[in-house]
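Each number in the working numbering corresponds to the 1-based position in the sequence shown with 74 added.
Yeah, the Cβ is synthetic: ideal placement off N, Cα and C, and Gly gets one too.
Note that the coordinates shown come from a computational prediction; the quantities given were computed from them, not determined experimentally.
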Amino acid sequence: MNGPDEWDGRELPGSPGERPRIPSPRSAAEDRGPLPDAPPLPVAEPDGLNGTEPPVAPVAPVILPAPAGAPPHRILKSLLGAWALAACSAEETAAVEAHLTDCASCADEALRLREAVGLLHPADSLDLDPLLRSRVLEGCLGRRPARIPVPEWATPYDAETAKLDALLRDMGAAEWRAPVRLRWFEGERPVGRETTVAGVMGHLMAVDGLVATALGLTDPLGTAAPPGAPDPLIRTETFWRAADEKQSPLATHAPWRDQSSALIRQVSFAGTKVAELAVPYGDFRLPLRDSFLDRAFECWVHAGDIAEAVDYPYEPPAAAHLHQLVDLAARLLPSALADRRRAGLAAPPQRLVEAGAPGRTLHLEVEGNGGGHWYIPLDSPAALGTPEHTVAQIALDSAEFCQLAAGHISPEEVAAGQHGERDAIRDVLFATASLSRL
75 MNGPDEWDGR
85 ELPGSPGERP
95 RIPSPRSAAE
105 DRGPLPDAPP
115 LPVAEPDGLN
125 GTEPPVAPVA
135 PVILPAPAGA
145 PPHRILKSLL
155 GAWALAACSA
165 EETAAVEAHL
175 TDCASCADEA
185 LRLREAVGLL
195 HPADSLDLDP
205 LLRSRVLEGC
215 LGRRPARIPV
225 PEWATPYDAE
235 TAKLDALLRD
245 MGAAEWRAPV
255 RLRWFEGERP
265 VGRETTVAGV
275 MGHLMAVDGL
285 VATALGLTDP
295 LGTAAPPGAP
305 DPLIRTETFW
315 RAADEKQSPL
325 ATHAPWRDQS
335 SALIRQVSFA
345 GTKVAELAVP
355 YGDFRLPLRD
365 SFLDRAFECW
375 VHAGDIAEAV
385 DYPYEPPAAA
395 HLHQLVDLAA
405 RLLPSALADR
415 RRAGLAAPPQ
425 RLVEAGAPGR
435 TLHLEVEGNG
445 GGHWYIPLDS
455 PAALGTPEHT
465 VAQIALDSAE
475 FCQLAAGHIS
485 PEEVAAGQHG
495 ERDAIRDVLF
505 ATASLSRL
């Protein structure tokens, strides 16, 4: 098809279907630079017959050229938008403002642009508020309570898996292959393991499978599940070995999301009856309610590892959820301390304490969101920690305490407020780091 200005035989005058010819718009004369000076008018000679001078024609106004070095009008006019947004350089700003004193049309345009800029709103972040989901759910449930509510101890896992799912949805195949270093603490030193984002999700799915099998759901490892005690490290390595290298790394996302949704649905229908169901973790067990908090904590920690690998900001859990996670770590400290004593990594107890009786206590103060006060028995995991028997105190920020419990920082690096028995403080800090694992 011919364009509007192409020859098709209908432009000839008098031809059939003749159409009017519309000229294209022309630029203003001043847009091509300053106009030339008007030629001087001829000087009239006196009339020789009567000695009078002939009438002089009116003189056209002379437009002076732009000052030397000043940009032409069309350039200055194109800068008005940037000038209104204060985005011009100092030289451009001076040139535009000097031009506005002489050009009425540009001055009017500049005034309109400045008024329009005043109506603009500041740019908002494209990242959603991390508390938006909980506020929406709270508002919905306030109007219409859930017929089958999620148990309170499962809500941190529900929230953290939803946050991680939202992060994974925006990632491409290259980001799924981004290298990630998993870190934890063993004995007296930190250790690590190199993997990818896809490998981290495989690890989460393999260990979440311990909770799934305890609830009667399908094991994500299937027939490849290792026999004997269900150790998280062995299950993870089994999953990594069974992974098909030719398979897209994104293939882990959907099974993990389906498994986490199935876990929440299963405990919601089961209600409080399953809260104390034992979930084996190799050489120890956790009740289901604590196991869900453990899985929420690990989901948040590894989501942070993924976000760091792909250079994306990631928010901590909501304060109420973070308090539950800190509380779990504090409740596990007496057993972790006893395990280190049996391994010869902590000082022996100073005296025997009967179960339920008060004994030497360390006051753990966690500050910030999710913080609180915990009293850790030092001589026996079955003893009772009390303020009256406090012999040492540690004050930590909640984020730093969680990083220590995740094995991301060592006890020597912790900027803790410390007071009291030095050995008790050291043993508790190292016991906190020993809570971490792959």
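Roughly how many angstroms separate the alpha carbons of residue i and residue j, rounded to a whole number?
i	j	result
residue 167	residue 179	17 Å
residue 216	residue 312	44 Å
residue 190	residue 392	40 Å
residue 324	residue 503	38 Å
residue 499	residue 371	24 Å
residue 496	residue 470	16 Å
residue 144	residue 171	12 Å
residue 480	residue 258	6 Å
residue 438	residue 352	28 Å
residue 428	residue 458	9 Å
residue 389	residue 426	43 Å
residue 214	residue 221	12 Å
residue 490	residue 159	48 Å
residue 250	residue 380	9 Å
residue 463	residue 451	9 Å
residue 365	residue 289	12 Å
residue 467	residue 432	17 Å
Can you give the beta carbon distance from residue i to residue j, rounded, assuming they're within the 8 Å contact cut?
i	j	result
residue 285	residue 369	6 Å
residue 472	residue 440	5 Å
residue 543	residue 256	Summary: the structure shown does not reach residue 543, with the chain confined to residues 75 through 512, and so no result is reported for it.
residue 314	residue 279	The pair is not a contact, with the Cβ atoms about 11 Å apart (cut-off 8 Å).
residue 415	residue 422	6 Å
residue 310	residue 271	At roughly 15 Å, the Cβ-Cβ gap does not stay under 8 Å, so residue 310 and residue 271 are not in contact.
residue 154	residue 183	6 Å
Along the chain, where does the alpha helix (DSSP H) containing residue i start, and where does it finish?
i	result
residue 420	First-last for residue 420: undefined, no H or E at that position.
residue 361	Residue 361 -> not in any alpha helix (DSSP H); beta strand (DSSP E) instead, spanning 359-361.
residue 492	Unbroken run through residue 492 is the beta strand (DSSP E), 491-494; no alpha helix (DSSP H).
residue 424	Segment: none, residue 424 is in no alpha helix (DSSP H) and carries neither H nor E.
residue 309	306-316
residue 182	178-193
residue 385	Residue 385 -> no alpha helix (DSSP H), and no H or E assigned at all.
residue 332	327-344
residue 486	No alpha helix (DSSP H) contains residue 486, which DSSP labels as neither H nor E.
residue 232	229-243
residue 152	147-152
residue 174	164-174
Considering only DSSP beta bridges, list what residue i is partnered with.
i	result
residue 471	441
residue 268	255
residue 449	437
residue 464	435
residue 458	432
residue 352	361
residue 260	263
For the region 484-496 and the region 396-405, state whether three or more C-beta atom pairs, one from each stretch, are separated by less than 8 Å.
-> No, they do not touch.
Please determine if the region 373-393 and the region 428-447 are in contact, where contact requires at least 3 C-beta pairs separated by less than 8 Å.
-> yes
Tell me, please, whether the region 334-347 touches the region 223-232 by the rule of three or more beta-carbon pairs shorter than 8 Å.
-> yes
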